[in-house]
Structures are given as structure tokens and as C-alpha cells.
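J.: Take the sequence shown: its letter number 320 is residue 320 in full-length UniProt numbering, and every next letter is one higher. Note that beta-carbon positions come from the ideal geometry of N, C-alpha and C, so glycine has one too. Would you mind keeping the following structure in view while I ask a few things?
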Amino acid sequence: MAETASINVYRPVPDDKTVLFVDNLRTWFPIRRSFTEVIRRAPRRYVHAVDGVSFKVEEGDVFGLAGESGCGKTTTGKTILRLVDPTSGVIGYRPRKRLLDEWKEIGYEPPVIDKYGDIDIARVPSKFLKPLRKEMQIIFQDPYGSLNPRATIYKILEEPLIIHRVGVTKDERVDIVARALEEVKLTPPEDFMYRYPHMLSGGQRQRVGIARALILQPRFIVADEPVSMLDVSIRAEILELMMDLKKKLNLTYIFITHDLAVARYITNKLAIMYLGKIVEMGETRRILENPMHPYTKALIEAIPEPDPKNRERIRNVPIKGEVPSAINIPPGCRFHPRCVSYDQHPELQRYCRTVEPSLIEIEKNHWVSCWLYGNPEEIIKMIRK
Ligand SMILES: Nc1ncnc2c1ncn2[C@@H]1O[C@H](COP(=O)(O)OP(=O)(O)OP(=O)(O)O)[C@@H](O)[C@H]1O
Ligand code: SF4
Ligand SMILES: [Mg+2]
Numbered sequence: 001m002a003e004t005a006s007i008n009v010y011r012p013v014p015d016d017k018t019v020l021f022v023d024n025l026r027t028w029f030p031i032r033r034s035f036t037e038v039i040r041r042a043p044r045r046y047v048h049a050v051d052g053v054s055f056k057v058e059e060g061d062v063f064g065l066a067g068e069s070g071c072g073k074t075t076t077g078k079t080i081l082r083l084v085d086p087t088s089g090v091i092g093y094r095p096r097k098r099l100l101d102e103w104k105e106i107g108y109e110p111p112v113i114d115k116y117g118d119i120d121i122a123r124v125p126s127k128f129l130k131p132l133r134k135e136m137q138i139i140f141q142d143p144y145g146s147l148n149p150r151a152t153i154y155k156i157l158e159e160p161l162i163i164h165r166v167g168v169t170k171d172e173r174v175d176i177v178a179r180a181l182e183e184v185k186l187t188p189p190e191d192f193m194y195r196y197p198h199m200l201s202g203g204q205r206q207r208v209g210i211a212r213a214l215i216l217q218p219r220f221i222v223a224d225e226p227v228s229m230l231d232v233s234i235r236a237e238i239l240e241l242m243m244d245l246k247k248k249l250n251l252t253y254i255f256i257t258h259d260l261a262v263a264r265y266i267t268n269k270l271a272i273m274y275l276g277k278i279v280e281m282g283e284t285r286r287i288l289e290n291p292m293h294p295y296t297k298a299l300i301e302a303i304p305e306p307d308p309k310n311r312e313r314i315r316n317v318p319i320k321g322e323v324p325s326a327i328n329i330p331p332g333c334r335f336h337p338r339c340v341s342y343d344q345h346p347e348l349q350r351y352c353r354t355v356e357p358s359l360i361e362i363e364k365n366h367w368v369s370c371w372l373y374g375n376p377e378e379i380i381k382m383i384r385k
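So this is what it looks like as C-alpha cells:
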């Protein structure tokens, strides 16, 4: 247990490079009550999908969100885009002039929350969200399920143009669609425009998914496991395409993945999520070279080892039990029922079991929420001040 010189608890403080930040974001889904529960007036229960998440994304970042299935990655991404409504918290976004102009045109005054002119997207009423779709887009995991099988590629890409009134004439729209297809290297575009999704390979379909996300010229993309359903052989191609487009079009990404090998390849910053919360965050290289949270260590140990001589390692992943339900979150550190370090540190167990650790800066820009780091008494005193 090291002494703590000064304790720095994470707060996302926007600066001139920030594009987006979330502060204590929560998205809980109510669970439908049974008839007897209603009669008994049992309290409502919730799935705590996102449960107090804070981070900041800077212009040009590929900010990775990683963690096991069900930890809340997709819900975080969807909440940021307001495809799902948050329960509480702030979603700060720095709007381009184009967005402000469109809101002005329809007589909407957005909720500005700081001196940089950031807007709290969480507080924008649903009926004014449409212009935001031009700024922020999503690339889905499933290139098979996310494209309408009954529409041609042209129709799929034309649809957002019609909804947002981009390209007044049909000729203009054909031109925009052709350029979008060229951008994602589906060339010549005429060869692809009038095909249906089933007439494309998985990689080509995901290129259409990317073209659809980019056709309205957004600046911010949530990419939700965009390569996890693709053949290993074409994953690198799609990731490279995404990086080329990022450079060319000045994009900023949140990149969701459960695969740390993919995170290492594409992200510059990384947040590790566990049961709706970030447990470790910082520069990707640093986290993967020097993981500190026991859960991150377990995830890294679980990366499959290509060398057959080292396959044994996979059996020694330092984690126990199953992922608890996001309905009944364990008290204290939510990872404690599965944590091997908990067993090894009886002197910490009373903290681990009862007090939720905050994200603390352990080394420069490397944040960890675990009682193994710092003096728990000092940290608790400081947090409660
Ligand atoms: N619309 C919903 N209604 C109720 N519960 C939901 C809803 N969407 C997600 N959940 C629950 O919220 C939790 C987080 O789900 P989410 O899809 O965000 O996880 P994930 O990290 O993206 O997982 P995966 O890696 O499998 O995609 C899960 O317990 C899930 O069952
Ligand atoms: S706070 Fe305790 S239980 Fe949680 S990860 Fe750290 S050592 Fe394990
Ligand atoms: Mg998901």
C-alpha cells in the first residue's frame, strides 16, 4: 500500500483540443415488473448498462472502449449519439458552425455548458437531434444485418441524403454516392451502386457501412466493433481504410472493441470497462505495456497466444467466476468477486467489499480505479471532503 503524495481523481476537463467529453454518464434500462411485483409494489429494478462513465476525446483521437461482452461499450456509444437516452450525466460536444447554423435556422438554442461553446447533447430534446446526425455517425458491427437487404447500395446511401436534404437533384445525389463509394475504394462505383447487399462480400459490405456513416461528412464516428464479424484476412484492410479516411477527412473516432490486439493496432487512447464503469484509462501503449488494474491484466493475459509453445498461458488467466449481472452490481469494487488480487490482499478486503474505488491518476495520464494503488484512507478522506 503506497503513500499518496497528491491524489488526482479523474474529471474530464475540456480544453481547446476536446471534441467530446462525458461526465458521470449513466444509462440504466428499467426491467419490466411481473404482475405480482406490481401488486406487491416491489421497487423497480434496472440494468446498469452504463453506470458513471467519464472520459474525454480530443480531435484526431481513436479512443478505444474495450471490455468483455455486456460491459456497456455499445450502450455508451449509442448514448453519446443519443440513439439511447441517458439516465443522467453530461455529454459535452464541440459543435461545428454548420450544426449551430442549422439549429439557428430551426429556431433552436442549444444548451452551451462552457467557455468553449460545448453543447450538452444529453439535454437536446429529441425533436432537435436530426442536425446532430450530420456531425456524429455510427459504424455498426454487423455488415450483414445493418444494411437493408431489399435496397440497392445506391438506395442505402441515398437515404440519408434525402432525409437531410443534401443534394437537391437526383444527379447531384448520384454524384455524391459515387464519390462516397470511391472514398471507400468500391470502384468503379457504377459496378457497386445497383447491387444488393447479398451481392457483396463481408468486407465490401462493411465498406458500404463506412460510406453510409461518412456520406453526410461528419466529424465524429462511433465505430462499434467494425471488424469483429469479418474474416481475419480482411480486418487489416478495413482498419487501414478507416485510418486513411480519418487522416483525409479529419475524423475523430470512438472505437469499440473486445479485442485488445485490434485496440493496440488502431487506438491511441484506451478505456477498459467493467460492468458499466471505466476501471483503467490512458494511452493505449502504456496500458498494454503496463496494465495496473487486475481486470486489465486478466484481459491481456487472455489474448490468444499464436506461439503453440505458450498456449498454456491462456489457462492461467488471473480472474475467477463469471461476470455478475448488471442488475445486481456487487457492492464496493464491482470486480471484487472475480479479483485474484482481492484474495492476495486481506488488508484491503474491507475497502474492496464496501467502497467503490475512484479513477485515480497513478502515473501521468494513466488512471486506475483499484484500492491496490494509493492509501485508501487518504483517498476516501479526500473524496468525502
Ligand atoms: N435496450 C436494452 N434494454 C435492456 N437492457 C439492455 C439494452 N441494451 C443493452 N442492455 C444490457 O446492457 C448491458 C450492456 O450491454 P451492451 O450491449 O452495451 O454491452 P457491450 O459491452 O456492447 O457487449 P458486446 O461486447 O456483447 O457487444 C447488458 O447487460 C445488456 O443486456
Ligand atoms: S479494488 Fe480490490 S477487488 Fe477491486 S480490483 Fe482492486 S484489488 Fe481487486
Ligand atoms: Mg456491443
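Hey, S358 and S369 are a contact pair by Cβ (cut 8 angstroms); roughly how many whole angstroms apart?
T.: Yes, they are in contact, since the Cβ atoms of S358 and S369 sit about 6 angstroms apart, within 8 angstroms.
J.: Which residue or residues does DSSP assign as beta-bridge partners of A223?
T.: A223 is bridged to I139, F255.
J.: Using only the alpha-carbon positions, how far apart do I153 and L214 sit?
T.: Taking the straight line joining both Cα atoms gives about 14 angstroms.
J.: Measuring CA to CA, which of N375, V57, K56 is closest to Y351?
T.: The residue with the shortest Cα to Cα distance from Y351 is N375.
J.: Which partner residues of T39 appear in the DSSP bridge assignment?
T.: The sequence given here places Ile at residue 39; Thr does not occur at that position. DSSP lists no partner for I39.
J.: Could you give the distance in angstroms between the alpha-carbon of E105 and the alpha-carbon of P131?
T.: Roughly 11 angstroms separates the two Cα atoms.
J.: Note down the Cα distance separating S355 from I300, rounded to an integer number of angstroms.
T.: Going by the sequence as given, residue 355 is Val instead of Ser. Straight-line Cα distance between these residues: approximately 26 angstroms.
J.: Which whole-angstrom value describes the C-beta separation of E68 and V323, a residue pair presumed to lie in contact below a C-beta threshold of 8 angstroms?
T.: Going by Cβ atoms, the distance from E68 to V323 rounds to 6 angstroms, so yes, they are a contact pair.
J.: Does the beta-carbon of Y295, which I'm using as the reference point, lie nearer than 8 angstroms to any heavy atom of ligand 2?
T.: True, at least one ligand heavy atom lies under 8 angstroms from that Cβ.
J.: Cutting at 7 angstroms between CB atoms, please list the residues of its own chain near I31, excluding the five before and the five after it.
T.: Excluding sequence neighbours, I31 sits near R45, Y46, V47, I327.
J.: Locate the beta strand (DSSP E) running through residue 470, then write down its first and last residues.
T.: Residue 470 is absent from the model: the chain starts at 1 and stops at 385.
J.: Run through the region 50-90 for me and flag every whole beta strand (DSSP E) of 3 or more residues, listed as ranges in chain order.
T.: You should have 62-66.
J.: Alpha carbon to alpha carbon, how far is K381 from L157? Give it in angstroms, no decimals.
T.: Answer to the nearest angstrom: the Cα atoms are 55 angstroms apart.
J.: Are H366 and E240 touching if we call contact CB-CB under 9 angstroms?
T.: No.
J.: Taking the alpha-carbon positions, what's the Y373 to I256 distance?
T.: Answer to the nearest angstrom: the Cα atoms are 27 angstroms apart.
J.: Ignoring anything shorter than 4 residues, give me the alpha helix (DSSP H) runs that lie fully in the region 299-373, in order along the chain.
T.: Runs of the alpha helix (DSSP H) inside the region 299-373: 340-344, 349-354.
J.: Taking the alpha-carbon positions, what's the F220 to M243 distance?
T.: F220 and M243: Cα-Cα distance of roughly 13 angstroms.
J.: Using three-state DSSP, classify I215 as helix, strand or coil.
T.: Three-state result, I215: coil.
J.: On the three-state DSSP scale, how would you describe E3?
T.: Here the model assigns E3 a pLDDT of 48, short of 50, so the residue's position is not dependable, and the following value carries that caveat. E3: coil per DSSP, three-state reduction.
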